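Visitor: Okay, here's the structure, questions in a sec.
Protein chains: 2
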Amino acid sequence: MRNLHDELRYSDGATVRRAVIEGRWQSPTRGLARGFVQTGLVAVPERYAADFLLFCSRNPKPCPVIEVVEKGGISKYAAPGAALWNALPGYRVYQKGHLIYEGPRIDDYWRNDLVCFLLGCSYSFEYLLEEGGLRLKGNREGRGNPIYVTNRECIPAGVFRGPLVVSMRPVAADKVSEAVLLSARLPLAHGAPVHIGCPEELGVDLEKPDFGNRVSIEKNEVPVFWACSITPQEVALRSGLDLMITQSPGHMLVTDLKVMELLT
Amino acid sequence: MRNLHDELRYSDGATVRRAVIEGRWQSPTRGLARGFVQTGLVAVPERYAADFLLFCSRNPKPCPVIEVVEKGGISKYAAPGAALWNALPGYRVYQKGHLIYEGPRIDDYWRNDLVCFLLGCSYSFEYLLEEGGLRLKGNREGRGNPIYVTNRECIPAGVFRGPLVVSMRPVAADKVSEAVLLSARLPLAHGAPVHIGCPEELGVDLEKPDFGNRVSIEKNEVPVFWACSITPQEVALRSGLDLMITQSPGHMLVTDLKVMELLT
Numbered sequence: 000m001r002n003l004h005d006e007l008r009y010s011d012g013a014t015v016r017r018a019v020i021e022g023r024w025q026s027p028t029r030g031l032a033r034g035f036v037q038t039g040l041v042a043v044p045e046r047y048a049a050d051f052l053l054f055c056s057r058n059p060k061p062c063p064v065i066e067v068v069e070k071g072g073i074s075k076y077a078a079p080g081a082a083l084w085n086a087l088p089g090y091r092v093y094q095k096g097h098l099i100y101e102g103p104r105i106d107d108y109w110r111n112d113l114v115c116f117l118l119g120c121s122y123s124f125e126y127l128l129e130e131g132g133l134r135l136k137g138n139r140e141g142r143g144n145p146i147y148v149t150n151r152e153c154i155p156a157g158v159f160r161g162p163l164v165v166s167m168r169p170v171a172a173d174k175v176s177e178a179v180l181l182s183a184r185l186p187l188a189h190g191a192p193v194h195i196g197c198p199e200e201l202g203v204d205l206e207k208p209d210f211g212n213r214v215s216i217e218k219n220e221v222p223v224f225w226a227c228s229i230t231p232q233e234v235a236l237r238s239g240l241d242l243m244i245t246q247s248p249g250h251m252l253v254t255d256l257k258v259m260e261l262l263t
Numbered sequence: 000m001r002n003l004h005d006e007l008r009y010s011d012g013a014t015v016r017r018a019v020i021e022g023r024w025q026s027p028t029r030g031l032a033r034g035f036v037q038t039g040l041v042a043v044p045e046r047y048a049a050d051f052l053l054f055c056s057r058n059p060k061p062c063p064v065i066e067v068v069e070k071g072g073i074s075k076y077a078a079p080g081a082a083l084w085n086a087l088p089g090y091r092v093y094q095k096g097h098l099i100y101e102g103p104r105i106d107d108y109w110r111n112d113l114v115c116f117l118l119g120c121s122y123s124f125e126y127l128l129e130e131g132g133l134r135l136k137g138n139r140e141g142r143g144n145p146i147y148v149t150n151r152e153c154i155p156a157g158v159f160r161g162p163l164v165v166s167m168r169p170v171a172a173d174k175v176s177e178a179v180l181l182s183a184r185l186p187l188a189h190g191a192p193v194h195i196g197c198p199e200e201l202g203v204d205l206e207k208p209d210f211g212n213r214v215s216i217e218k219n220e221v222p223v224f225w226a227c228s229i230t231p232q233e234v235a236l237r238s239g240l241d242l243m244i245t246q247s248p249g250h251m252l253v254t255d256l257k258v259m260e261l262l263t
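Residue numbers (numbering that gives the first Met the number 0), protein chains in the order written: chain D, 0 to 263; chain L, 0 to 263.
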């Protein structure tokens with residue numbers, strides 16, 4: 000696996016997707032195809048699609064829409080030709096607010112009336128921050144970043160409602176401006192932080208992440224919180240659709256878009 | 000005085016300078032001529048001018064150069080026609096590293112070989128932040144912001160050396176990104192914060208400002224530090240020039256430039 004990881008790290012999006020489709024890669028995609036945009040997936044039955052698009056429109060920081068893929072599930076823009084039912088290395092399937100399946104194969108659940116939303120993800124701004132010389136500890140420690148469900152509600156739309164979920168990265172106090180300025184250039188990857196310092200104001204206990212792993216904060220570092228792609232999964236749990244499919248956390252669609260193409 | 004303040008608040012730069020020259024305004028200029036750029040002043044004998052320009056070039060955050068006014072002391076760009084020996088409401092005069100005069104009249108000290116540097120000042124980004132809806136407590140409490148001499152050294156140039164001086168404003172944790180993004184658009188007014196959170200890393204005790212007044216920090220607020228125009232005054236104290244003239248803190252040159260003209 001290690002050799003394949005190294006190979007895919009400097010490959011392109013299409014190469015990663017081929018490894019996924021052939022069953023050779025079923026792990027998180029962080030660090031693969033460096034410089035290429037990765038996205039989360041939210042697939043909902045067609046009758047909910049307009050409401051979910053409205054939810055994204057009202058909550059662009061947690062849910063930045065990179066592509067809406069109409070019925071049939073074939074991407075046209077971000078990863079042209081990719082079939083979204085097999086191009087991601089891991090999925091979650093929710094029915095009526097329950098997680099009923101997590102894994103790499105969703106043939107039993109896929110339906111042709113699903114509308115798919117490809118949503119920007121933090122890996123893109125992490126790439127930009129790392130290229131900018133910021134050392135991201137979650138990545139250094141190789142365990143990913145802690146993720147917290149906050150006390151802030153997203154703005155609801157139709158059946159879709161739920162709390163804002165954030166990821167946290169400790170940033171040195173003299174690098175916080177740089178982290179804000181770089182990530183702000185990528186509104187399609189959650190954009191600028193939603194909150195800096197004062198975790199208790201978000202209802203967050205840093206020692207107890209809801210997902211991911213605790214990470215240490217040094218005395219010269221500040222906790223910086225970005226909106227997180229796991230937000231729609233919390234929404235899936237609460238909205239009770241008969242069917243909703245998302246990526247498994249960290250198991251993203253690796254697209255053909257370059258991060259630099261998304262810069263504003 | 001109150002009526003004149005209200006009158007000058009919504010006037011232009013030339014009107015404020017006229018009040019200054021006529022001796023009707025000898026107080027700090029914060030809040031006057033809203034939307035107009037205000038600058039600090041550093042005047043040095045000609046033989047030091049190249050070194051001071053180099054110092055500014057190496058330390059653009061504390062010393063952003065808006066105009067260099069050659070011998071004679073008449074502004075051509077920022078406040079065309081303004082005589083810099085009487086257009087500011089308050090001056091400080093340093094000789095050999097000592098403050099020897101502070102007040103509104105410098106006729107006894109002015110020399111025709113002085114080269115003047117007009118340096119951007121925080122009032123410009125404060126205007127932008129306030130227009131953007133951020134409530135700045137130092138201004139609300141009407142006492143100005145606390146200013147601290149830090150443990151960071153500026154990059155020296157010739158005789159010019161000294162510590163970075165910063166101003167601090169408490170910002171709500173969910174508004175810090177906005178404060179960074181707005182102030183970053185004004186590199187000629189100190190630009191983005193140099194430090195966010197972790198005051199002890201700057202060698203700063205928030206309770207003990209070196210200048211200005213202590214300000215309270217609520218539990219939803221983070222201390223945000225910007226480079227400060229008082230930096231060159233600390234430099235004046237340490238560099239021991241035979242003559243150096245600066246503005247008195249807060250007693251700025253009000254120019255004819257609009258803040259919005261400086262946006263990048």
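Cβ atoms here follow ideal geometry from the backbone N, Cα and C, with glycine treated the same way.
Since we're looking at a predicted model, the values are computed, not measured.
#1: Against chain L, does Asn219 of chain D count as a neighbour if the rule is that its beta carbon must be under 8 Å from one of theirs?
#2: Provide the residue span of the beta strand (DSSP E) that contains Cys115 of chain D, from first to last.
#3: Go through the stretch 120–201 of chain L residue by residue and report every complete run of the beta strand (DSSP E) that reaches 3 residues or more, in order.
#4: What does DSSP give as the partner residue(s) for Leu40 of chain L in the beta ladder?
#5: Taking 8 Å as the CB-CB limit, is Ile195 of chain L close to chain D?
#6: Could you say which of L:Arg160, L:Pro169, L:Trp84 lies nearest to Glu125 of chain L if we only look at CA atoms?
#7: Please compile the residues from chain D whose C-beta is within a distance smaller than 7 Å of the C-beta of Pro192 of chain L.
#8: Do you know how far the Cα of Ser182 of chain D is from the Cα of Gly131 of chain D?
#9: Tell me whether Asn2 of chain L is buried or exposed, calling it buried when 16 or more other Cβ atoms sit within 10 Å of its Cβ.
#10: With DSSP as the reference, please indicate the residues paired to Gly88 of chain L in a beta bridge.
#11: Grouping DSSP H, G and I as helix and E and B as strand, with all else coil, what is Met251 of chain D?
#12: For Val179 of chain D, would you say it is in contact with chain L, using Cβ-to-Cβ distances shorter than 8 Å as the test?
#13: Please state whether the Cβ-Cβ distance between Leu37 of chain D and Asp241 of chain D is less than 8 Å.
#14: Please tell me whether Glu125 of chain L has its Cβ less than 8 Å away from any Cβ of chain D.
#15: Within this structure, are the beta carbons of Thr254 of chain D and Ala82 of chain D separated by less than 8 Å?
#16: Are three or more beta carbon pairs between the stretch 198–214 of chain D and the stretch 142–159 of chain D nearer than 8 Å?
#17: Does the stretch 157–173 of chain L touch the stretch 102–119 of chain L, meaning 3 or more C-beta pairs lie closer than 8 Å?
#18: Following the continuous beta strand (DSSP E) through Ile20 of chain D, name the residue where it begins and the one where it ends.
#19: Could you tell me the alpha carbon to alpha carbon distance between Leu180 of chain D and Leu180 of chain L, rounded to whole angstroms?
#20: Under the three-state reduction of DSSP, which class applies to Pro231 of chain L: helix, strand or coil?
#21: Less than 8 Å separating the beta-carbons of Ile244 of chain D and Tyr108 of chain D?
#22: Return helix, strand or coil for Leu256 of chain D, following the three-state DSSP convention.
#23: From the DSSP output, read off the bridge partner residues of Pro222 of chain D.
#24: Tell me the DSSP bridge mates of Gly71 of chain L?
#25: What residue range is occupied by the uninterrupted beta strand (DSSP E) comprising Leu53 of chain D?
#26: With a Cβ-Cβ cutoff of 8 Å, do Leu261 of chain L and Phe224 of chain L count as a contact?
#27: My guess is that Tyr122 of chain D and Met251 of chain D are in contact by the Cβ rule of under 8 Å, so how many angstroms apart are they, rounded?
#28: Within a Cβ cutoff of 6 Å, which residues of the same chain sit near Gly96 of chain L, ignoring the five residues on either side of it in sequence?
#29: Let me confirm a value: Asn111 of chain L is counted as buried when at least 16 other C-beta atoms fall within 10 Å, else exposed. Which label applies?
#30: Can you pull the chain D residues whose beta carbon is under 7 Å from the beta carbon of Ala172 of chain L, in chain order?
#31: I'd like to know whether the C-beta of Ala188 of chain L is nearer than 8 Å to at least one C-beta of chain C.
#32: Taking 8 Å as the CB-CB cut-off, is Leu86 of chain L touching chain D?
#33: Pro162 of chain D and Glu233 of chain D: beta carbons closer than 8 Å?
#34: Helix or strand or just coil, what does DSSP make of Glu66 of chain L?
#35: Who are the near neighbours of Ile20 of chain L in its chain, counting only those whose CB is closer than 6 Å to its CB and skipping five residues on each side?
#36: Can a CB atom of chain D be found closer than 8 Å to the CB of Ala49 of chain L?
Guide: Considering the structure as presented:
#1: One-based indexing of the first sequence puts residue 219 of chain D at position 220. Against chain L, the CB of Asn219 of chain D has a partner CB under 8 Å away; the residue lies at that interface.
#2: The count along the first sequence starts at 1 and reaches residue 115 of chain D at position 116. For Cys115 of chain D, the enclosing beta strand (DSSP E) starts and ends at 113–119.
#3: Listed in chain order, the beta strand (DSSP E) elements of length 3 or more contained wholly in the stretch 120–201 of chain L are 146–152, 162–171.
#4: Here residue 40 of chain L is taken as the residue at index 41 of the second sequence, counted from 1. Residue pairing by DSSP places Leu40 of chain L opposite L:Leu117 in a beta bridge.
#5: Along the second sequence, one-based indexing puts residue 195 of chain L at 196. Taking CB atoms only, Ile195 of chain L has a neighbour in chain D less than 8 Å away.
#6: In the second sequence, the residue the question calls residue 125 of chain L occupies position 126. That would be L:Pro169, whose Cα lies nearest to the Cα of Glu125 of chain L.
#7: What you label residue 192 of chain L is simply residue 193 of the second sequence in a count that begins at 1. Counting only Cβ-Cβ distances below 7 Å, Pro192 of chain L has contacts in chain D at Ser176, in chain order.
#8: What you label residue 131 of chain D is simply residue 132 of the first sequence in a count that begins at 1. What you label residue 182 of chain D is simply residue 183 of the first sequence in a count that begins at 1. Computed Cα separation, rounded: 11 Å.
#9: In the second sequence, counting from the first residue as 1, residue 2 of chain L sits at position 3. Residue burial annotation: Asn2 of chain L is exposed, with fewer than 16 other C-beta atoms found within 10 angstroms of its C-beta.
#10: The residue you call residue 88 of chain L lines up with position 89 of the second sequence. First, the residue type needs correcting, since residue 88 of chain L is Pro and not Gly in the sequence shown. None, per the DSSP bridge assignment.
#11: In the first sequence, the residue the question calls residue 251 of chain D occupies position 252. Note: Met251 of chain D maps to coil in three-state DSSP.
#12: By one-based count along the first sequence, residue 179 of chain D stands at place 180. Cβ-Cβ to chain L under 8 Å: yes for Val179 of chain D.
#13: Start at 1 with the first residue of the first sequence, and residue 37 of chain D comes out as number 38. Start at 1 with the first residue of the first sequence, and residue 241 of chain D comes out as number 242. Just to set this straight, residue 37 of chain D is Gln in the shown sequence, not Leu. No, Cβ-Cβ distance for Gln37 of chain D and Asp241 of chain D is not below 8 Å.
#14: Here the question's residue 125 of chain L lines up with position 126 in the second sequence. Interface criterion not met: the Cβ of Glu125 of chain L is under 8 Å from no Cβ in chain D.
#15: Numbered from its first residue, the first sequence carries residue 254 of chain D at position 255. Numbered from its first residue, the first sequence carries residue 82 of chain D at position 83. No, the pair does not count as a contact, with Cβ atoms beyond the cut-off.
#16: Between the stretch 198–214 of chain D and the stretch 142–159 of chain D there are three or more C-beta pairs closer than 8 Å, enough to call the two in contact.
#17: At 8 Å Cβ cutoff, the stretches do not touch.
#18: Numbered from 1 along the first sequence, position 21 holds the residue referred to as residue 20 of chain D. From DSSP, Ile20 of chain D is part of no beta strand (DSSP E) but of the alpha helix (DSSP H) over 12–20.
#19: Counting from 1 along the first sequence, the entry for residue 180 of chain D is found at position 181. Counting from 1 along the second sequence, the entry for residue 180 of chain L is found at position 181. The straight-line gap from Cα to Cα measures roughly 6 Å.
#20: Residue numbering aside, residue 231 of chain L sits at position 232 when the second sequence is read from its first letter. In this structure, Pro231 of chain L counts as helix in the three-state DSSP scheme.
#21: Position 245 of the first sequence holds residue 244 of chain D. Position 109 of the first sequence holds residue 108 of chain D. One thing to note: Ile244 of chain D has its Cβ within 8 Å of the Cβ of Tyr108 of chain D.
#22: Reading the first sequence from its first residue, position 257 is the one you call residue 256 of chain D. Looking at Leu256 of chain D - three-state DSSP - the assignment turns out to be strand.
#23: Within the first sequence, residue 222 of chain D is the residue found at index 223, counting from 1. Bridge pairing for Pro222 of chain D: D:Pro169 [DSSP].
#24: As a working note, residue 71 of chain L is residue 72 in the second sequence. Beta-bridge pairing links Gly71 of chain L to no other residue.
#25: Counted from its first residue, the first sequence places residue 53 of chain D at position 54. Here Leu53 of chain D belongs to no beta strand (DSSP E); instead the alpha helix (DSSP H) covers 45–57.
#26: Position 262 of the second sequence, counted from the start, is the residue given in the question as residue 261 of chain L. Position 225 of the second sequence, counted from the start, is the residue given in the question as residue 224 of chain L. Cβ atoms of Leu261 of chain L and Phe224 of chain L: not closer than 8 Å.
#27: Position 123 of the first sequence holds residue 122 of chain D. Position 252 of the first sequence holds residue 251 of chain D. Indeed they touch by this definition, with Cβ atoms about 7 Å apart.
#28: Taking the first residue of the second sequence as position 1, residue 96 of chain L is located at position 97. Cβ within range, chain order: Leu236, Gly239.
#29: Counted from its first residue, the second sequence places residue 111 of chain L at position 112. Note on Asn111 of chain L: under 16 other CB atoms within 10 angstroms of its CB, so exposed under the neighbour-count rule.
#30: Taking the second sequence and counting its residues from 1, one reaches residue 172 of chain L at position 173. Going along chain D in sequence order, the residues near Ala172 of chain L (Cβ under 7 Å) are His194, Ile195, Gly196, Cys197, Glu200.
#31: No chain C appears in this structure, whose protein chains are D and L.
#32: Translated into the one-based positions of the second sequence, residue 86 of chain L becomes position 87. At residue 86 of chain L the sequence reads Ala, which differs from the Leu that was named. Proximity of Ala86 of chain L to chain D, defined by a Cβ-Cβ separation below 8 Å, is not satisfied.
#33: Position 163 of the first sequence holds residue 162 of chain D. Position 234 of the first sequence holds residue 233 of chain D. In contact: Pro162 of chain D and Glu233 of chain D (Cβ atoms closer than 8 Å).
#34: As a position in the second sequence, residue 66 of chain L is number 67, starting the count at 1. DSSP places Glu66 of chain L within a strand segment (E or B) once states are collapsed to three.
#35: Within the second sequence, the letter at position 21 stands for residue 20 of chain L. Around Ile20 of chain L: Asn85.
#36: Here residue 49 of chain L is taken as the residue at index 50 of the second sequence, counted from 1. It does not; no Cβ of chain D falls within 8 Å.
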